[in-house]
Each structure stands twice: as structure tokens, then as C-alpha cells.
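Student: Numbering (our numbering), first residue to last: 73 to 520.
We put the CB at the ideal spot given by N, CA and C, even for glycine.
Please read all numbers here as calculations on a predicted model, not as lab measurements.
Below is the structure I would like to discuss, written out as C-alpha cells.
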């Protein structure tokens with residue numbers, strides 16, 4: 073009997089992935105956990121290892137194809153073929169990947185096609201230990217190998233019975249094995265964009281475009297998976313959420329002086345001290361007093377989901393596009409630790425080494441365009457969050473202090489939020505709270 077392998081649930085509501093490369097060929101005999109495919113999700117590009125050893129009977133997908141969770145990717149033959157260890161290692165070390173197709177001219181579209189319905193996901197439920205292939209992410213499989221845990225003997229408690237890291241650690245603890253953090257799956261730089269695909273619709277039908285060719289030469293370039301995801305998420309947010317923006321300014325002269333005085337001391341500890349670290353800390357502390365901005369709205373239930381954790385996302389510009397890694401529990405960490413984590417996280421993102429866990433679970437986002445210029449910007453909310461803080465470049469401005477005109481360093485802030493969950497006065501109070509904390513920076517050094 074053939075053994076199919078389907079796209080597993082990758083977590084946090086991810087329902088589909090784009091095939092970037094197929095790393096095996098039909099007829100190959102591979103070992104369990106050998107590299108099988110590379111896929112790109114809304115969060116990152118990751119490698120999927122084989123959940124079993126054996127002969128690859130049929131490959132059902134090709135690069136550039138978008139597949140739903142539960143779609144069969146590869147079928148293995150159940151003919152008793154098992155890889156010789158040396159042969160398996162050689163095959164894994166020198167696979168002949170099928171690359172994504174080159175960029176090509178996209179066919180003209182009169183209007184975007186409606187989005188395909190999302191694949192139905194199984195409800196969360198514990199399942200009995202399985203004798204065959206098991207549902208687990210690559211990181212969880214690596215953790216199981218490190219701890220010597222057989223996944224077939226583990227009861228999964230994740231979505232649809234998926235085995236999660238905690239299940240593996242619990243199994244290792246029961247067996248008396250030491251536990252350790254798993255090396256996380258790594259996001260890799262994006263390859264070619266592949267064939268162009270229409271964006272998912274959000275209920276609005278745009279009018280057909282004119283024939284631009286009648287006025288001069290044009291070129292069509294397909295959107296990358298990440299760019300298409302950003303476009304769809306921004307359209308979704310701007311369409312569903314009534315955005316309102318509050319503008320404010322913070323005098324960060326004293327804060328800038330503190331940063332300058334402590335640059336060398338922080339660098340000696342391997343930390344680059346920046347304004348963003350203090351901004352993250354000030355925002356997280358302010359959100360404690362304004363919980364409606366650290367939330368999500370559930371329209372179907374008529375409820376606000378108030379999150380009692382403060383995981384802040386920071387928009388990072390990369391060659392692939394805008395990516396938002398997440399710093400966890402910012403409210404409970406000293407500024408120096410926040411700055412340390414921020415530097416390491418931003419570096420992983422720019423190098424294409426961010427993990428899926430680095431990119432999910434955020435409750436509020438900060439986007440800083442100060443290094444690029446501009447006096448202000450109105451950011452779009454990162455759905456399903458309900459607020460985002462934009463920061464522009466700080467500039468020296470003349471300010472009246474005690475009847476004297478003095479130069480002060482002024483930082484422009486723009487707080488955009490969902491008008492369904494908060495009123496303008498609420499937004500003004502949150503912005504004022506953030507400003508006051510930035511203008512009294514000594515509080516940020518000891519408050520957490």
C-alpha cells in the first residue's frame with residue numbers, strides 16, 4: 073500500500089504554502105528526515121524533511137504551486153524499500169532540487185479571481201500515538217531526534233493532533249532524558265517569484281485595468297509569495313478595519329543623551345543601544361494601562377480578546393520585503409535585554425535565518441522609518457492586531473522652555489488604531505502615555 077505525505081499544519085492559522093523547490097526525484101530512496109521540499113508560508117521559507125524513509129513513488133507538486141494544509145505532497149511506495157545508511161546520506165547530501173520557474177510575463181487579468189476557500193482544519197484534540205507518519209513541524213522532529221524520542225509513541229496535543237515541542241519534552245522527561253531547546257527551522261532567502269497569481273479578493277471587485285500598452289512599452293513581473301501576502305494582508309486590513317490615526321511628538325533630548333552616554337558601555341556587553349529599544353519598552357509599559365490596544369477583535373462573537381502578554385513586532389525592511397519579527401514579553405525585560413534581543417532578531421531576519429517562532433505571536437507593531445527620512449507616515453494595522461505605532465525621523469527644532477528658545481530633539485509619532493475597539497480620546501491617552509515615558513527616560517531604566 074502506498075503511503076501519502078500531506079502538507080502538515082505549520083501552526084498559527086497558516087493554511088497554505090507555496091512550493092519553492094522539490095529536493096527529491098521519483099524513484100529516489102531516502103531516509104527519514106532527509107530534505108524533501110522547501111516551502112514558503114506567510115511567515116517564512118522553511119525546509120520540510122521527509123516524515124518516513126522509503127522510495128519516492130510520486131511527487132504531486134511542483135515549484136511555484138500553492139497548496140493547502142492537508143494536500144498530498146509526495147507518495148512513498150510501501151514495497152519494503154529502505155535506504156542503506158550510506159546511500160541515504162549521500163542522497164541527502166547531494167539532492168538535485170527542482171528550482172522554481174524563472175520570472176515570466178504574466179497573462180493580462182481583467183479582474184482578480186476570488187480567493188480559494190481555506191482548507192478545513194481539524195479541531196484541536198489530543199490523538200492516540202500513531203504507528204505510521206506523524207504530524208510534526210521540522211523543528212519538533214529535530215527536537216525529538218536530539219532527545220531520543222520516537223514520535224510514533226508521542227500523543228499530540230497541538231491543532232489536529234499535531235505533536236508540538238512540549239509533547240516531545242514531556243515524553244523525554246517521562247523517559248528520564250534531559251531536555252533542551254531545539255534548533256529552530258531556518259528561513260532561507262527567497263528564490264524566483266514563480267508564475268504570477270491573482271491576489272485573494274476581500275469582497276470588492278475592482279474595475280478592469282486599461283490597456284497600458286497603448287501608451288508605451290510595459291513589462292509584467294509576478295509578485296513574490298511574500299509580496300503577494302503583504303498585498304493581501306494590507307488589503308484585508310484596510311478594507312475590514314476602520315483606521316484612525318493620532319499624531320503626537322516626543323521630546324527625546326534627554327533620552328538621546330542617555331543613549332549617547334551609554335553606547336560604549338552597552339557595546340562592551342555586545343549590545344547596540346538604539347532609540348528603538350527604549351521605544352519598545354515605553355510602548356509595552358504603556359499598553360499595560362491601555363489593554364484595548366493590546367488586543368484583537370472577534371466580530372463573530374462580539375468580543376474583544378485582551379492579551380495579557382506583550383509581544384511587540386518590529387517592522388524590518390529586507391530585500392524580500394517587509395517582515396515583522398516579534399520580541400516577547402517586552403514589558404518584563406530591562407531595556408538592555410530588549411536591545412540585545414532586538415539586534416539579534418533583526419540580524420536573523422536580514423540574513424534570512426529567522427524562524428517561524430520569530431515571526432508570530434505579536435500583539436502590537438512598531439514601524440520606524442526614521443532612518444529613511446520623512447516627517448511622518450500613517451501605517452496600516454497588522455491584522456489581526458488593532459493598533460500600530462509609526463515613528464519618523466527625530467529632528468532638532470526650536471522649542472520654548474521657561475521663556476527661552478532652545479534646540480530640542482523632537483520625535484514624530486503616529487498611532488493608528490481600530491476605531492471599533494477604541495475612541496479618539498483613548499488613542500490620545502495611549503500616545504500621551506508613550507510620550508511621557510520617552511520624555512522621562514530614567515523611568516525606563518528601572519521599570520519592568
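For residue 368, write down the residues that DSSP places opposite it in a beta bridge.
Tutor: Paired residues: 377.
Student: Should residue 147 and residue 133 be called a contact, given that it needs their Cβ atoms to be closer than 9 Å?
Tutor: Not closer than 9 Å, so no.
Student: Quick one: what's got a C-beta closer than 6 Å to residue 138's C-beta in the same chain, skipping five residues either side?
Tutor: Hits under 6 Å: 88 and 90.
Student: Over the uninterrupted beta strand (DSSP E) stretch that includes residue 483, give me the two end residues.
Tutor: Here the beta strand (DSSP E) through residue 483 covers 476-490.
Student: Round the Cβ separation of residue 121 and residue 92 to the nearest angstrom and send it over; I've been treating them as touching at under 8 Å.
Tutor: No, residue 121 and residue 92 are not in contact; Cβ-Cβ is about 15 Å, not under 8 Å.
Student: Which of helix, strand or coil does DSSP assign to residue 462?
Tutor: Strand, per DSSP.
Student: Could you give the distance in angstroms between the alpha-carbon of residue 381 and the alpha-carbon of residue 375?
Tutor: Roughly 18 Å between the two C-alpha positions.
Student: How big is the Cα-Cα spacing for residue 78 and residue 98?
Tutor: Going by the C-alpha atoms only, they are around 16 Å apart.
Student: Taking 9 Å as the threshold (C-beta atoms), are residue 369 and residue 492 in contact?
Tutor: Yes, Cβ-Cβ distance for residue 492 and residue 369 is below 9 Å.
Student: When you compare the CB positions of residue 123 and residue 247, do they come within less than 9 Å of one another, or not?
Tutor: No, they are not a contact pair.
Student: Which term fits residue 364, buried or exposed, when burial requires 16 or more other beta carbons within 10 angstroms of its beta carbon?
Tutor: That one is buried.
Student: Could you spell out where the alpha helix (DSSP H) holding residue 349 opens and where it closes?
Tutor: Note, residue 349: alpha helix (DSSP H), 347-361.
Student: Give the range of the beta strand (DSSP E) segment to which residue 126 is assigned.
Tutor: Segment 126-131, the beta strand (DSSP E) holding residue 126.
Student: Comparing alpha-carbon positions, which option in 475, 103, 483 and 451 lies nearest residue 315?
Tutor: The shortest C-alpha separation from residue 315 is found at 451.
Student: Where do the ends of the alpha helix (DSSP H) carrying residue 499 lie?
Tutor: 496-511 is the extent of the alpha helix (DSSP H) around residue 499.
Student: So is residue 476 buried or exposed if we call it buried at 16+ other beta carbons inside 10 Å?
Tutor: When all chains shown are included, residue 476 counts as exposed.
Student: Spell out a yes or no on whether the region 407-417 and the region 335-349 are touching, meaning 3 or more CB-CB pairs, one atom from each, closer than 8 Å.
Tutor: Short answer: they touch.
Student: Determine the contact status of residue 215 and residue 358, defining contact as a CB-CB distance below 9 Å.
Tutor: For residue 215 and residue 358, no; Cβs fall outside 9 Å.
Student: Tell whether a beta-carbon distance below 9 Å holds between residue 464 and residue 484.
Tutor: Contact: yes.
Student: Note down, in chain order, each residue of its chain lying with its Cβ closer than 6 Å to the Cβ of residue 284, except the 5 sequence neighbours on either side.
Tutor: Cβ neighbours of residue 284 beyond the five flanking positions: 290.
Student: For residue 377, count the other beta carbons within 10 Å of its own beta carbon; 16 or more makes it buried, fewer makes it exposed. Which is it?
Tutor: Exposed: under 16 other Cβ atoms inside 10 Å.
Student: Please determine if the region 291-304 and the region 424-442 are in contact, where contact requires at least 3 C-beta pairs separated by less than 8 Å.
Tutor: Not touching, per the Cβ criterion.
Student: What number of angstroms, rounded off, separates the C-alpha of residue 367 from the C-alpha of residue 494?
Tutor: Roughly 11 Å between the two C-alpha positions.
Student: Using the C-alpha atoms, what's the distance from residue 332 back to residue 472?
Tutor: Roughly 24 Å separates the two Cα atoms.
Student: Among all the DSSP beta bridges, which residues are the ones paired with residue 313?
Tutor: DSSP output for residue 313 lists no bridge partner at all.
Student: If you measure between the beta carbons of residue 517 and residue 330, is that distance less than 9 Å?
Tutor: Result yes, Cβ atoms of residue 517 and residue 330 sit closer than 9 Å.
Student: Helix, strand or coil: how does DSSP classify residue 430 here?
Tutor: Helix.
Student: Using the three-state DSSP reduction, which class does residue 292 fall into: helix, strand or coil?
Tutor: Three-state result, residue 292: coil.
Student: Tell me the rounded alpha-carbon separation between residue 426 and residue 287.
Tutor: Using only the alpha carbons, I get a separation of about 43 Å.
Student: Grouping DSSP H, G and I as helix and E and B as strand, with all else coil, what is residue 184?
Tutor: Its pLDDT being 39, under 50, residue 184 is placed unreliably by the model, and nothing is read from it.
Student: Go to residue 109, then tell me how far its beta strand (DSSP E) extends in each direction, as first and last residue.
Tutor: Element bounds for residue 109: 107-112.
Student: Can you find the residues in the same chain that come closer than 8 Å, C-beta to C-beta, to residue 342, ignoring five residues on each side of it along the sequence?
Tutor: Counting only Cβ-Cβ distances below 8 Å, and skipping sequence neighbours, we find 412.
Student: Would you call residue 444 buried or exposed, if buried means 16 or more other Cβ atoms sit within 10 Å of its Cβ?
Tutor: Flag for residue 444 reads exposed.
Student: Just the Cα atoms here: how many angstroms apart are residue 301 and residue 474?
Tutor: Distance between the alpha carbons of residue 301 and residue 474: 51 Å.
Student: According to DSSP, is residue 297 part of a helix, a strand, or is it coil?
Tutor: DSSP places residue 297 in helix when its eight states are reduced to three.
Student: Considering only DSSP beta bridges, list what residue 468 is partnered with.
Tutor: Residue 468 is bridged to 481.
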